[in-house]
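Line by line, the protein sequences are chains A and B. Each residue of the first sequence is one higher than the one before, counting from 839 in the numbering used here. Each residue of the second sequence is one higher than the one before, counting from 839 in the numbering used here. For glycine and all other residues, C-beta sits at the position ideal for the given N, C-alpha and C. None of these values were measured; they are calculated from a predicted model. Heads up, the thing below is written out as structure tokens.
2 protein chains.
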Amino acid sequence: MSEQSSAPFFEILTSDPASQARTGRIVTAHSVIETPVFMPVGTRGTVKALTQEMLEALDARIILGNTYHLFLRPGHELVAELGGLHQFISWPRSILTDSGGFQVFSLGELRKIKEEGVEFRSHLDGSKKFISPEISMQIQHALGSDIVMAFDECTPYPATPTEARKSLELTARWAQRSRAEFDRLKTSDVTPAFLFGIIQGSVYHDLRQQSLEQLLEVGFEGYAIGGLSVGEEKQMMYDTTEFIAPLMPVGKPRYLMGVGTPADLVESVARGVDMFDCVMPTRNARNGQVFTARGKLNVRNAKYAKDTNPLDAECRCAVCHRYSRAYIRHLYLNDEILASILCSYHNIAFYLDLMRQIRQAIALGEFTTFRTGFLSQYKSATNPNGNFASDP
Amino acid sequence: MSEQSSAPFFEILTSDPASQARTGRIVTAHSVIETPVFMPVGTRGTVKALTQEMLEALDARIILGNTYHLFLRPGHELVAELGGLHQFISWPRSILTDSGGFQVFSLGELRKIKEEGVEFRSHLDGSKKFISPEISMQIQHALGSDIVMAFDECTPYPATPTEARKSLELTARWAQRSRAEFDRLKTSDVTPAFLFGIIQGSVYHDLRQQSLEQLLEVGFEGYAIGGLSVGEEKQMMYDTTEFIAPLMPVGKPRYLMGVGTPADLVESVARGVDMFDCVMPTRNARNGQVFTARGKLNVRNAKYAKDTNPLDAECRCAVCHRYSRAYIRHLYLNDEILASILCSYHNIAFYLDLMRQIRQAIALGEFTTFRTGFLSQYKSATNPNGNFASDP
């Protein structure tokens, strides 16, 4: 049994004088997490195509699990019975679980939103299900998550100000109920968990501020920016983040959900964000798209047929150390599983290494230089719009 | 450049007094291989779902590549241009390539056998191709294989004695042409390779003996038993091996192609076989079938839903050390790539560990005890008939 340690849940280590960027440290019962951090997405209790050993070798300190998917299969009761998600998947470090909201709202026709919660039909077998703020807390509690997300309504894009306001009001009431249920469950906990609220308000600054204020009244251990990267223009995402992040409590972690490209990470860190998750590195890997310091490339391209270079000449990961583009291209053309393994490994290595570089640059007071240099070299590869909050 | 080392290509270390079993050592330019050995099948230059790092961790000393598949894609010229198969796939240890014969003959309607060689249509795009003994040697030479197989006609099963005789006569002529072309190519080699002949003759002992004698006249560095595990009764396979293996040269490696189950390995070692290959451990892994000391199990079975035991309680592989049946079952039900990775890893670990146990038992003079004990514990799980010579 771990007792509440003396280390605070979150502390800031360095603040960049020239931007909102900062480095910090999150401490959970399962790991110490240096921020800004990118969290690989392990939708169903596996970061696709990677072993837990590989994630450890890559020094991932926290991964994400999707409440919606784990609720449907294998079910949170089963996971709890087997000792919780950490033990079930054999992952000793931290886990953040989302609330299930994003996936449920993505079901469109299959779901019905009420004050009490959301009725929906499983995408697996059509069976009727129900998730409320209380149930979402119970599921995440059963999973044994380190960082629990409040159950929110992810406001669709586009939304009129009226729609967005109605949606954030619901999110505020659900945030309160999430907090109450989380605290009720927490009394029996041996391992501390932490609850984050989610700010909605679409692209309207006044509504974002209103949503934040409502959450602050409830009080959370961290705050997330939800409802972005859902189809809006990239500049709107940057602007909304730039507006709201500095208003969020300085001493609490700030999490931009479902974002993003390497350029998005750098730009959002500059605007004050500490935490990210996105399926892009793993999903794109399975299609042969890999990230490099010089931008994206698709290794299936015929021009790599005889290319004996590594995926990224500047990368020091185990895949770039050993395998050539020509070989990985050959694996893709033959639908070999190893193609997905190698590109997923490299892409996660690239993302985690980028975050290490970001943290180092901030710590050395050189973040502005780093940001300019990285973006000009990366050529601001554009992000195909759309949120990537789970990897089913 | 490696010069012909003083170590012989093959030497016997121990002979079991109570059976035909023996331990030995094969030395190639790329690794030292303890025999009896099981060679994981890397059809297209990848042992499916495993990284080369994993194969090294499992201490695989030699893997198999399929000439037919590599000839079609990416093509042996490309592989040669990129430095050979070892370099292309980044595998520093030994590689055995088959002759392409087995896959070509499996094409049925799509192929036409002539004295000169075999015309066939690619299963990938229907294009017309031709492989002769000379071309097979050229392909395997371009790949840079350590152990090259002569181009044979794999006699179908069932075959009348007349058909089988006609087939082995062709194989004998092709063996001679394979030897001549191999030797011609060899003069320019910096890295020594070794050529094996393949005995045909179906299930007829006199024909097997005749085929062997024809090959002995040509002379090879090793001899393989082909045309078994192609649909005949298991006992016929054992009987044919039992008859022919002791007639094969004592001082040369004996290779039983495309075999088999764990029980087949133990039984065939007892009959004097030194080398094996089979796709069973990797192919079955991708369907959830895993090998354990107590027999096979399918981890997708509902009874493993809450089973926190490892796949095989007696296995010390990294997968059994870390992951539970319940988790791996969950991965299968969700078509997660990690399911194939973990079960392939375990199954290859099981096969390689079985061979280690076999070698140790022979060396200690306890092979008969081991054989009895293993088979009674393994419950002689039956081999679904059919040869498994590639893993496409």
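- Listed as beta-bridge partners of THR852 of chain B by DSSP are B:THR861.
- For the pair GLY982 of chain A and GLY922 of chain A, the CB atoms are nearer than the 8 Å cut-off.
- DSSP places SER1178 of chain A within a helical segment (H, G or I) once states are collapsed to three.
- For PHE926 of chain A, at least one C-beta of chain B is nearer than 8 Å to its own C-beta.
- If you draw a 10 Å sphere on the C-beta of ASP1112 of chain B, you find 16 or more other C-beta atoms in it, and that means buried.
- Around the beta carbon of ASN1172 of chain A, 16 or more other beta carbons sit within 10 angstroms, so the residue counts as buried.
- In terms of beta-carbon proximity, ALA1164 of chain B lines the interface with chain A, with at least one pair separated by less than 8 Å.
- GLU872 of chain A has A:ARG863 as its beta-bridge partners, per DSSP.
- Listed in chain order, the beta strand (DSSP E) runs fully inside the segment 1038-1063 of chain B are 1060-1063, counting runs of at least 3 residues.
- Closer than 9 Å at the C-beta level to chain A, one finds these residues of the segment 1175-1188 of chain B: ILE1175, LEU1176, ALA1177, SER1178, ILE1179, LEU1180, SER1182 and TYR1183.
- Taking a C-beta cut-off of 8 Å against chain B, the contacting residues of the segment 1130-1150 of chain A are ALA1143, LYS1144 and THR1146, listed in chain order.
- Closest in alpha carbon position to LEU910 of chain A, among A:ARG959, A:ILE1200, A:PRO878 and A:THR889, is A:ARG959.
- Taking 8 Å as the Cβ-Cβ cut-off, the segment 884-897 of chain B approaches chain A at THR884, LYS886, ALA887, LEU888, THR889, GLN890 and GLU891, given in chain order.
- THR905 of chain B sits close to THR935 of chain B, with the two beta carbons spaced by under 8 Å.
- Among the residues of chain A, those whose CB is under 9 Å from the CB of ARG911 of chain B are HIS1168, LEU1171 and ASN1172, following chain order.
- Contacts between ARG860 of chain A and chain B, judged by CB atoms closer than 8 Å, are missing: the closest CB pair is about 35 Å apart.
- At a cut-off of 8 Å between beta-carbon atoms, ARG931 of chain A makes no contact with chain B.
- Nearest CB-CB separation between ALA1156 of chain A and chain B: below the 8 Å threshold.
- The Cβ atoms of PHE847 of chain A and PHE1032 of chain A sit closer than 8 Å to each other.
- A residue is called buried once 16 or more other Cβ atoms fall within 10 Å of its Cβ, and PRO930 of chain B, having fewer, is exposed.
- Taking the beta carbon of ARG882 of chain B as reference, the chain A residues within 9 Å of it are HIS1168, LEU1169, ASN1172 and GLU1174, listed in sequence order.
- Under the Cβ criterion of 8 Å, TYR906 of chain A is not counted among the residues facing chain B.
- ARG1121 of chain A is outside the set of residues whose beta carbon lies under 8 Å from a beta carbon in chain B.
- Bridge pairing for GLN1127 of chain B: B:ASN1136 [DSSP].
- Under the 8 Å criterion on CB atoms, TYR1161 of chain B is classed as interfacial with respect to chain A.
- Collapsing the DSSP output to three states places GLU1070 of chain A in coil.
- As DSSP reads the structure, SER937 of chain B sits in no beta bridge.
- For LYS967 of chain A, the enclosing beta strand (DSSP E) begins and ends at 966-969.
- Within 10 angstroms of the beta-carbon of LEU851 of chain B lie fewer than 16 other beta-carbons, which makes it exposed.
- ALA1131 of chain A has its alpha-carbon roughly 7 Å from the corresponding atom of GLN1215 of chain A.
- Excluding residues up to 5 positions away in sequence, GLY1126 and GLN1127 lie with their Cβ nearer than 7 Å to the Cβ of ASN1136 of chain B in the same chain.
- Sequence-distant partners of TYR995 of chain A (beyond 5 residues in either direction) whose C-beta falls short of 8 Å from its own C-beta, in its chain, are SER1040, VAL1041, GLY1065, VAL1068, GLY1069 and GLU1070.
- Rounded to whole angstroms, the separation of the alpha carbons of HIS924 of chain B and ILE1175 of chain A is 19 Å.
- The three-state reading of DSSP puts GLY1065 of chain A in coil, since its state is none of H, G, I, E or B.
- One alpha carbon belongs to ILE901 of chain B, the other to ALA856 of chain A, and they sit about 56 Å apart.
- Not one beta carbon of chain B lies nearer than 8 Å to the beta carbon of GLU915 of chain A.
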